[in-house]
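Q: I am attaching a structure below and will ask some questions about it afterwards.
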Amino acid sequence: MAHIRSLTAVSAGFVALMLAAAAAAPPPPSAPPVTSGAPKTQPGAPMEKAKPKMVCQESPQIGSHFKRKICATPEEWEARRLRDQQEMQRMGDRAAGCGGSANPC
């Protein structure tokens, strides 16, 4: 019977604590007024830019069976392709010049 009384006292204390915390908490911010579905813009104001289309590709990771998902815009993919192509060309040029005593690597 004493166990039930202590459990009831703890429960009542918890409820009182929660009510006090709720009363002391600041009120939630009011929601903005609901208007028609069309956004209001001023004449001559620039329109919001649409999000660029993202293209995702899965790429294997060295030392793992899991693939890595890489997302970028088509422009970023093209810039990456050109950068990689230039790096491969630079590495090929450097390797072609190796050999002999005049051009050691």
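Numbered per the numbering used here, the sequence shown finishes at 152, counting up by one with no gaps. Glycine included, each C-beta is placed from N, C-alpha and C at the ideal position.
Can you tell me the Cα-Cα spacing of Arg137 and Gln108, whole angstroms?
A: The residue you call residue 137 lines up with position 90 of the sequence shown. The residue you call residue 108 lines up with position 61 of the sequence shown. Distance between the alpha carbons of Arg137 and Gln108 is about 24 Å.
Q: Near Met101, what residues of its chain come up, given a Cβ to Cβ distance below 8 Å and the 5 sequence neighbours on each side ignored?
A: To locate residue 101, count along the sequence shown from 1; it is residue 54. Only Cys118, Ala119, Thr120 meet the Cβ criterion.
Q: As an exercise, report each continuous beta strand (DSSP E) stretch of at least 3 residues that is fully enclosed by the region 92-147, in chain order.
A: Qualifying beta strand (DSSP E) stretches, in chain order: 102-107, 114-119.
Q: Any chance the CB of Arg141 is under 7 Å from a heavy atom of the ligand ADP?
A: Absent from the structure shown: the ligand ADP. Ligands present: none.
Q: Return the chain-ordered list of same chain residues with a C-beta closer than 8 Å to the C-beta of Ala97, the five sequence neighbours on each side being excluded.
A: Looking up residue 97 in the sequence shown gives position 50. Cβ within range, chain order: n/a, list empty.
Q: Suppose you measure from the CA of Pro99 to the CA of Ser111; what does that come to, to the nearest Å?
A: Here residue 99 is taken as the residue at index 52 of the sequence shown, counted from 1. Here residue 111 is taken as the residue at index 64 of the sequence shown, counted from 1. So the alpha carbons of these two residues sit roughly 31 Å apart.
Q: Using beta carbons (cut-off 8 Å, strictly below), is Ile117 in contact with chain B?
A: The chain labelled as chain B is not found in the depicted structure, where only one protein chain is given.
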